[in-house]
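Asks: One structure, as structure tokens, below. Some questions next.
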């Protein structure tokens, strides 16, 4: 098996690790706008070296794990260059703009639109971990647009990685993911911003913050380069979730301001249901 | 050593475990408004049995680990009943209302106002864990109001538990803790509420939510019985933090709505500083 990873960071690098583990004979090569990342990935043993256009044409698998704005820009030209039987997958956190961009591409049948729900708040090849995808969900969009034989090879790979597959249309994906992922990142970034602005003396944050704060603010460590284009591409859905979140915060504020403690209690108690919901999530604490 | 734990939940129960570990000869008794909790705590080996008023009078240490509204209600009468040399500590997440309530109590010298920054989102005696306080910060307020000899015994106990001590006045405590703890809980509760309201079909949340969502929404599992009185007692500070948080969310919304992606990027990048700040926090992942 010959694989080319375009964008050798946390996701691409973790996938490279898993491919090499499951097939020690595999040739895994990389492409990256950062030469330093490519070199680090080679030193970490994630890739054997830099891929050329000839490698793209000869690849069994091409993984496009770059920020979503660059997927939209580069996916058409990547498809131009791959072979007739190459499987191309992405790992973007938005799906509608990407699927739209390649809808009428002559090699649309080579592409499978994916969103593996896996990752950490860290970035770059050094953040790559083995087994990142094990037990995680992989959301596949527009499966019917991909050639049967190519679909099949993708499913074999995901089974090998231990992933659970869910099929969804791109618009539904983008709408739901705005709630369970994109909004979490904004709430965390703005929580971090609020506390940093207030607490000029960082010693006070350091000493008084417990694991609860750490947990809620964890996503504020995430990469702006990755997240800015996600918010841009999913703008409509994200604005809607933000409006609902702000409305709920204002309602909480109004209840507290007018001393309606029973109503506050009830709002929190009803939200405790999240305990049962979360029990089903396969967690990745790394 | 004879200790009485009033409120034998996560905090009281964990303290009971640590006391018994460090002094196997210790007599540890409990009081609780819930007979079921008392019985569970006895069965779990956290306490030897139920404490009487005579036990309070003879106790070396009384721990008041109950919701903050009940601390304000009951602390004066607890102080009335303890012995002249009994050390009484609380573990409330607010400090100003509690300190005000007992300011002129004849036994004020027996009380040390504490806030151990330790805990999880779980409650009740079954949630008690050994070593919960190890490496954590304990914020002590108005230390000068406590008798020297009694202070000393408290510090010996905290050293035994592995805690780091920070002294602070009650008003500063309540102001800072609103940012690094109380606001986190509200942001998490309202995030959970927003997602639950939208996603009537819980299967969708379950399948698409990753560890990022789990982390940001973790505190929404917390007990409304514990948190409603905290928000009530710290209302003024909490309203202020909420206003700033909502203003930051609205600003983010406005930047996204008007396609100002460079400014969005910068806001997130500046908040990435939280990485360095968090490095100093002794985490409790349990």
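Residue numbers (the UniProt record's numbering), protein chains in the order written: chain A, 1 to 286; chain B, 1 to 286.
Cβ coordinates follow ideal geometry from the N, Cα and C atoms, glycine included.
Computed from a prediction, not measured in an experiment: that's the story for all the values here.
Drop a sphere of 10 angstroms on the beta-carbon of residue 233 (chain B), count the other beta-carbons inside from all chains shown, and report buried for 16 or more, exposed for fewer.
Replies: So residue 233 (chain B) ends up on the buried side.
Asks: Which stretch, first to last residue, makes up the alpha helix (DSSP H) that contains residue 68 (chain B)?
Replies: Here the alpha helix (DSSP H) through residue 68 (chain B) covers 68-81.
Asks: Under 8 Å between C-beta atoms, does residue 10 (chain B) make it to chain A?
Replies: By this cut-off, residue 10 (chain B) is not an interface position.
Asks: How many angstroms separate the CA atom of residue 94 (chain A) from the CA atom of residue 116 (chain B)?
Replies: Each residue's alpha carbon lies about 42 Å from the other.
Asks: Residue 159 (chain A) CB to nearest chain B CB: under 8 Å?
Replies: False, the Cβ-Cβ gap to chain B never drops below 8 Å.
Asks: Less than 8 Å between the C-beta atoms of residue 112 (chain B) and residue 18 (chain B), yes or no?
Replies: Cβ atoms of residue 112 (chain B) and residue 18 (chain B): not closer than 8 Å.
Asks: So what's residue 89 (chain B) in DSSP terms, helix, strand or just coil?
Replies: If DSSP states are grouped into helix, strand and coil, residue 89 (chain B) belongs with the strands.
Asks: Mapping DSSP to helix, strand and coil, what is residue 212 (chain A)?
Replies: Correct three-state label for residue 212 (chain A): helix.
Asks: Can you tell me where the beta strand (DSSP E) holding residue 31 (chain A) begins and where it ends?
Replies: Its beta strand (DSSP E) spans residues 27-31.
Asks: Between which two residues does the alpha helix (DSSP H) carrying residue 265 (chain A) extend?
Replies: Counting along the chain, the alpha helix (DSSP H) containing residue 265 (chain A) begins and ends at 261-271.
Asks: Apart from the five residues on each side of it in sequence, which residues of its chain come closer than 7 Å, Cβ to Cβ, to residue 286 (chain B)?
Replies: With a pLDDT of only 33 at residue 286 (chain B), under 50, the local geometry of the prediction cannot be trusted, and the value read off the model is given with reservation. Hits under 7 Å: 120, 129.
Asks: Report the neighbours of residue 252 (chain B) on chain A: residues whose CB is nearer than 8 Å to its CB, in chain order.
Replies: 186, 189, 190, 242, listed in chain order.
Asks: Measure from the alpha carbon of residue 110 (chain B) to the alpha carbon of each residue in B:175, B:145, B:271, then state which is nearest.
Replies: Looking at the Cα atoms, B:145 is the closest of the given residues.
Asks: Between residue 155 (chain A) and residue 255 (chain B), what straight-line distance do the alpha-carbon atoms span, to the nearest angstrom?
Replies: Approximately 40 Å, taken between the alpha carbons.
Asks: Alpha carbon to alpha carbon, what distance is there between residue 28 (chain B) and residue 23 (chain A)?
Replies: Roughly 59 Å between the two C-alpha positions.
Asks: With H, G and I counted as helix, E and B as strand and the rest as coil, what does DSSP make of residue 230 (chain A)?
Replies: Looking at residue 230 (chain A) - three-state DSSP - the assignment turns out to be helix.
Asks: Going by other Cβ atoms of all chains shown within 10 Å of its Cβ, with 16 needed for buried, is residue 4 (chain A) buried or exposed?
Replies: Residue 4 (chain A) should be labelled buried.
Asks: Report the CB separation of residue 122 (chain A) from residue 182 (chain A) in whole angstroms; it is logged as a contact under 8 Å.
Replies: Wrong, their Cβ atoms sit about 19 Å apart, outside the cutoff.
Asks: Name, please, each residue of chain A whose Cβ falls closer than 9 Å to the Cβ of residue 169 (chain B).
Replies: Neighbours of residue 169 (chain B) on chain A: none; closest Cβ ~13 Å, over 9 Å.
Asks: When the cut-off is 8 Å and only beta carbons count, does residue 152 (chain A) lie next to chain B?
Replies: Judged by the 8 Å Cβ criterion, residue 152 (chain A) is not in contact with chain B.
Asks: Look at the alpha carbon of residue 236 (chain A) and the alpha carbon of residue 258 (chain B), and state the distance between them as a whole number of angstroms.
Replies: Those two C-alpha atoms are separated by around 12 Å.
Asks: Which two residues bound the contiguous alpha helix (DSSP H) that contains residue 198 (chain B)?
Replies: Its alpha helix (DSSP H) spans residues 183-198.
Asks: For chain A, find out if any of its Cβ atoms is closer than 8 Å to the Cβ of residue 232 (chain B); answer yes or no.
Replies: With 8 Å as the cut-off, residue 232 (chain B) counts as an interface residue toward chain A.
Asks: So for residue 122 (chain A), helix, strand or coil by DSSP?
Replies: Reduced to three states, the DSSP call for residue 122 (chain A) is coil.
Asks: Beta strand (DSSP E) containing residue 137 (chain A): first to last residue?
Replies: Here the beta strand (DSSP E) through residue 137 (chain A) covers 137-141.
Asks: Could you give the distance in angstroms between the alpha-carbon of residue 263 (chain A) and the alpha-carbon of residue 251 (chain A)?
Replies: Going from the Cα of residue 263 (chain A) to the Cα of residue 251 (chain A) covers about 10 Å.
Asks: I need the boundaries of the beta strand (DSSP E) containing residue 102 (chain A), first residue and last residue.
Replies: No beta strand (DSSP E) contains residue 102 (chain A), which DSSP labels as neither H nor E.
Asks: On the premise that residue 30 (chain A) lies in contact with residue 58 (chain A), defined as a C-beta separation below 8 Å, what is that separation, rounded to the nearest angstrom?
Replies: No, residue 58 (chain A) and residue 30 (chain A) are not in contact; Cβ-Cβ is about 15 Å, not under 8 Å.
Asks: Give me the subset of the stretch 212-228 of chain B whose CB atoms are less than 9 Å from a CB atom of chain A, sorted by chain position.
Replies: Those residues of the stretch 212-228 of chain B that come within reach of chain A (Cβ to Cβ, closer than 9 Å) are 212, 213, 214, 215, 216, 217, 218, 219, 220, 221, 222, 223, 224, 225, 227, 228.
Asks: Any idea what DSSP makes of residue 24 (chain A), helix, strand or coil?
Replies: If DSSP states are grouped into helix, strand and coil, residue 24 (chain A) belongs with coil.
Asks: Report buried or exposed for residue 175 (chain B), applying the criterion of at least 16 other Cβ atoms within 10 angstroms of its Cβ.
Replies: Classification of residue 175 (chain B): buried, given that the 10 Å Cβ count is 16 or more.
Asks: Rounded to whole angstroms, what is the Cα-Cα separation between residue 13 (chain B) and residue 42 (chain A)?
Replies: When rounded, the distance between both Cα atoms is 51 Å.
Asks: I'd like to know whether the C-beta of residue 95 (chain A) is nearer than 8 Å to at least one C-beta of chain B.
Replies: Residue 95 (chain A) does not count as touching chain B.
Asks: The alpha helix (DSSP H) spanning residue 111 (chain B) covers which residue range?
Replies: Looking at the DSSP string, residue 111 (chain B) is not in any alpha helix (DSSP H); the run it does join, the beta strand (DSSP E), is 111-116.
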